[in-house]
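Visitor:
Numbering (mature numbering (1 follows the signal peptide of the UniProt record, and there is no 0)), first residue to last: -19 to -1, 1 to 314.
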């Protein structure tokens, strides 16, 4: 039986409109991004479904192929972003909004990935045992004066691989290998735990300085048990001898399958807006990537610094070589 045009119109108006949604695979802890998701949905009406995928994200996307429900991938590090892109499971995104809001050094020249927040890889320095100005450069971490005084997490962790990649980008392989050997010789203990564990070790007197990300300071100060650890150290923004402070990012990429491409692009663009960047700054203690959005009062209290001008794409390109050098010196043993 055929329906008249009028009847079809009545049927179509009787059916509910399909709500827009976006599906996200995220390396980021759910509690860190939930305030952003809630604000985006409240403003746009678009539902965001987040699956926390701590390990095996690339393998999962490859196995799902064109059937993957994921529209976007959120990661915590440039290395992980690069792994997703190199696996061939993302697509380029052309957006005037993203180009305007994100500085060139924090996005892929081929438009495959985009930074959303930045963090500095800094030095936590004991207030009691390290004098102001005693450590100023990353290169200085290999100096004999730090023998038995440094704590760090595993050298093969993404954050330290990124730092080593930056050393390699500023110098060469021979220098970087010698630097790694020097830092290893200065360790007070075998690499272990996360960045906050290194601050705890300084508080306990096991070492004097440690390498870590800025935002962990904010997290520790908000934790009753860890506040004393954070208050035992100063935040030091070291630089490269011929550059600035090493930066890393959390970032986003659109999957090749992206069943909800239009809604996914809306979320990508919204995450670089003033509103979203302010939420990132206030709740996660990270640096907004969009120029003109202020850091939180706490982060600003740590002082001014000069971010390294080396594009993160150049740093990421050194990752495989950096990891090989870390393994060559057997850094963790």
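Note that CB positions come from ideal geometry on N, CA and C, so glycine has one too.
Note that the structure is a prediction, hence the values are computed from the model and not measured.
Do you know offhand how far residue 271's Cα is from residue 165's?
Guide: Their Cα atoms are separated by approximately 36 Å.
Visitor: Do you know offhand how far residue 40's Cα is from residue 50's?
Guide: C-alpha separation (whole angstroms): 14 Å.
Visitor: Let me check understanding here. Comparing Cα to Cα, which of 38, 198, 75 and 113 lies closest to residue 61?
Guide: It is 38.
Visitor: For residue -9 and residue 73, I'd like the C-alpha separation in whole angstroms.
Guide: Note that residue -9 has pLDDT 36, beneath the 50 cutoff, so the model's placement of it is unreliable and the number below is only indicative. Rounded to whole angstroms, residue -9 to residue 73 spans 39 Å at the Cα level.
Visitor: Where residue 210 and residue 238 are concerned, what is the direct C-alpha to C-alpha distance, given to the nearest angstrom?
Guide: Rounded to the nearest angstrom, the two C-alpha atoms are 45 Å apart.
Visitor: How many Å lie between residue 225 and residue 121 at the Cα?
Guide: Roughly 14 Å between the two C-alpha positions.
Visitor: Using DSSP with H/G/I as helix, E/B as strand and the rest coil, what is residue 18?
Guide: Helix.
Visitor: Which residues does DSSP list as the beta-bridge partners of residue 147?
Guide: DSSP lists no partner for residue 147.
Visitor: I'd like to confirm the pairing. Which residues does DSSP put opposite residue 33 in its beta bridges?
Guide: DSSP output for residue 33 lists 7 as bridge partner(s).
Visitor: Between the Cα of residue 185 and those of 195, 174 and 213, spot the shortest distance and give me the residue it belongs to.
Guide: Nearest C-alpha to residue 185: 213.
Visitor: Residue range of the beta strand (DSSP E) that residue 230 falls in?
Guide: Residue 230 -> beta strand (DSSP E) spans 228 to 236.
Visitor: Where does residue 269 land, buried or exposed, given buried means 16+ other C-beta within 10 angstroms?
Guide: With 16 or more Cβ atoms within 10 Å of its Cβ, residue 269 is classed as buried.
Visitor: To which residues does DSSP link residue 216 through a beta bridge?
Guide: For residue 216, which the question treats as bridged, DSSP gives the partners 105.
Visitor: Pick out whichever of 301, 190 and 287 has its Cα sitting closest to the Cα of residue 111.
Guide: The option with the nearest alpha carbon to residue 111 is 190.
Visitor: What residue ranges within the stretch 36 to 61 form continuous alpha helix (DSSP H) runs of no fewer than 4 residues, ordered along the chain?
Guide: For the stretch 36 to 61, whole alpha helix (DSSP H) runs of length 4 or above, ordered along the chain, are 38 to 45.
Visitor: Helix, strand or coil, according to DSSP, for residue 260 in the structure here?
Guide: Residue state, collapsed to three classes: helix.
Visitor: Is the separation between the beta-carbon of residue 183 and that of residue 132 shorter than 9 Å?
Guide: Yes, the pair counts as a contact, with Cβ atoms nearer than the cut-off.
Visitor: Using DSSP with H/G/I as helix, E/B as strand and the rest coil, what is residue 194?
Guide: Residue 194 falls in the strand class under three-state DSSP.
Visitor: Thinking C-beta only, is residue 260 closer than 9 Å to residue 11?
Guide: No, the pair does not count as a contact, with Cβ atoms beyond the cut-off.
Visitor: Roughly how many angstroms separate the alpha carbons of residue 102 and residue 306, rounded to a whole number?
Guide: Taking the straight line joining both Cα atoms gives about 20 Å.
Visitor: Use the C-beta contact count for residue 176: other C-beta atoms within 10 angstroms, 16 or more gives buried, fewer gives exposed.
Guide: That one is buried.
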